[in-house]
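Residue numbers for the sequence shown follow the working numbering, beginning at -8 and rising by one. Positions of the beta carbon are idealized from the N, C-alpha and C atoms, including for glycine. So the structure is just underneath, and the comments pick up after that.
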Amino acid sequence: MQSRLQELKQAAMSRLGEISDTQQLQELRVKYLGKKGELTEILRGMGSLSAEERPVVGQLVNEVRGELEAAIAAKQTALNQAAVEAKLAAESLDVTLPGRPLPSGTMHPLSRIIEQAEDIFIGLGFEVAEGPEVELDHFNFEMLNLPKDHPARDMQDSFYITEEILLRTQTSPVQARTMLRKEGKTPVKIICPGKVYRRDDDDATHSHQFTQIEGLVVDRGIRMSDLKGTLLTFARQMFGEDQQIRLRPSFFPFTEPSVEVDIQCIFCGGDGCRTCKQTGWIEILGAGMVHPRVLEMGGYDPREVSGFAFGMGVERIAMLKYGIEDIRHFYTNDVRFLRQFNRV
Ligand code: DAH
-8 MQSRLQELKQ
2 AAMSRLGEIS
12 DTQQLQELRV
22 KYLGKKGELT
32 EILRGMGSLS
42 AEERPVVGQL
52 VNEVRGELEA
62 AIAAKQTALN
72 QAAVEAKLAA
82 ESLDVTLPGR
92 PLPSGTMHPL
102 SRIIEQAEDI
112 FIGLGFEVAE
122 GPEVELDHFN
132 FEMLNLPKDH
142 PARDMQDSFY
152 ITEEILLRTQ
162 TSPVQARTML
172 RKEGKTPVKI
182 ICPGKVYRRD
192 DDDATHSHQF
202 TQIEGLVVDR
212 GIRMSDLKGT
222 LLTFARQMFG
232 EDQQIRLRPS
242 FFPFTEPSVE
252 VDIQCIFCGG
262 DGCRTCKQTG
272 WIEILGAGMV
282 HPRVLEMGGY
292 DPREVSGFAF
302 GMGVERIAML
312 KYGIEDIRHF
322 YTNDVRFLRQ
332 FNRV
């Protein structure tokens, strides 16, 4: 009996040495220590032993069981450890390997102009405002002093969604929205860059969707000279320190008086060329003193405050600044075009 126990222990231990996974270890445990296992069987057979032998064998069985249990537990720990190490080795990452280069894009020329304009106007104390592209007729026209029968409201010019909702045709509705948001407080000093939409046939200088930057200042004592100084500063920072601007009388329903603003032709320096049609000047934006009706509708008393506003086309400025001849380049997204703005 005792030698059988010794053999059993030997066999179990040597098998244990060969085992390489948890499944096999579990089988071994069942084979020797399980309910129907070999040790249990020996215990069952103890009935046939003499009274002197029984306690001796019993103790030996317990010893062997203890040793086997300990050996199996140690093996389990070793297997677990090995599994963790194998996983770590499989998932190891060599951080010293050179990376795979990702092609990086370039900033779109329109975004560049918007960013530059924002920098300029923020430097002058303006805030950047936003408004919805899907706009109410009320804000796009009515609040800007464009009554229902105004020719600029012709259905041909706008993308209407319902009778009252359209894609904004200009960023000017943000003027009205901002005044209402400010609830009569001064100063108002915002610019709003954004997309606008018009029912135009696309060609080299027209697009059904383009970009504008709106500006609005409302405060006590705002005068035309403030408008002129602001726009001159903008023109000089955008196009060069020796830029000149010229104001020509014009008409917009939301400003009175209204002006169109030219910069000196950046191609010929004012001498006259094809681009400026020999005039030496190029128009870049519309502007004016905010119409008293627009101030009133925005919740301001035109006897106490005054303001100026302006609206410029971003594509036009980008075309002048970068010498781009066709507005369609901005949205056809040819990478050969876009890559040229890598280092501008
Ligand atoms: N909204 C005008 C347009 O789309 C541009 C404009 C002109 C905006 C004069 C203004 C302004 O704020 O005062 O043609």
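Residue i beta carbon near ligand 1 (any heavy atom closer than 8 Å)
i: Val86; result: no
i: Glu205; result: yes
i: Ser149; result: no
i: Leu286; result: no
i: Val179; result: no
i: Leu276; result: yes
i: Ser249; result: yes
i: Phe301; result: yes
i: Val125; result: no
i: Gly279; result: yes
i: Gln166; result: yes
i: Gln161; result: yes
i: Phe245; result: yes
i: Val119; result: no
i: Val305; result: no
i: Val187; result: yes
Contacting residues, own chain, Cβ-Cβ under 7 Å from residue i (five flanking each side not counted)
i: Asp148; result: Thr160, Arg189, Arg190
i: Pro283; result: Pro293
i: Ile236; result: Leu222, Leu223, Ala226, Val252, Asp253, Ile254
i: Leu311; result: Ile257, Ile273
i: Lys219; result: Leu238
Length of the line joining the Cα atoms of residue i and residue j
i: Thr270; j: Arg144; result: 31 Å
i: Lys22; j: Ser83; result: 38 Å
i: Phe258; j: Gly289; result: 41 Å
i: Pro123; j: Pro184; result: 11 Å
i: Asp12; j: Ser5; result: 15 Å
i: Thr68; j: Gln(-3); result: 25 Å
i: Leu19; j: Leu(-1); result: 12 Å
i: Met215; j: Arg319; result: 35 Å
i: Ala65; j: Leu7; result: 10 Å
i: Ala73; j: Leu24; result: 24 Å
i: Cys267; j: Val86; result: 58 Å
i: Val125; j: Glu295; result: 33 Å
i: Ala62; j: Gly36; result: 25 Å
i: Leu59; j: Lys78; result: 28 Å
Three-state secondary structure assigned by DSSP to residue i
i: Thr246; result: strand
i: Ala42; result: coil
i: Tyr188; result: strand
i: Val252; result: strand
i: Val125; result: strand
i: Lys176; result: coil
i: Asp210; result: strand
i: Gln203; result: strand
i: Met(-8); result: coil
i: Tyr23; result: helix
i: Tyr313; result: helix
i: Tyr291; result: coil
Own chain partners of residue i with C-beta closer than 8 Å, once the 5 adjacent residues on each side are dropped
i: Asn333; result: Thr97
i: Trp272; result: Arg237, Asp253, Ile254, Gln255, Cys256, Gly261
Cβ shell of residue i (< 6 Å), same chain only, five flanking positions each side left out
i: Gln228; result: Ile111
i: Ala108; result: Ile204
i: Ala195; result: Asp317
i: Phe242; result: Ser249
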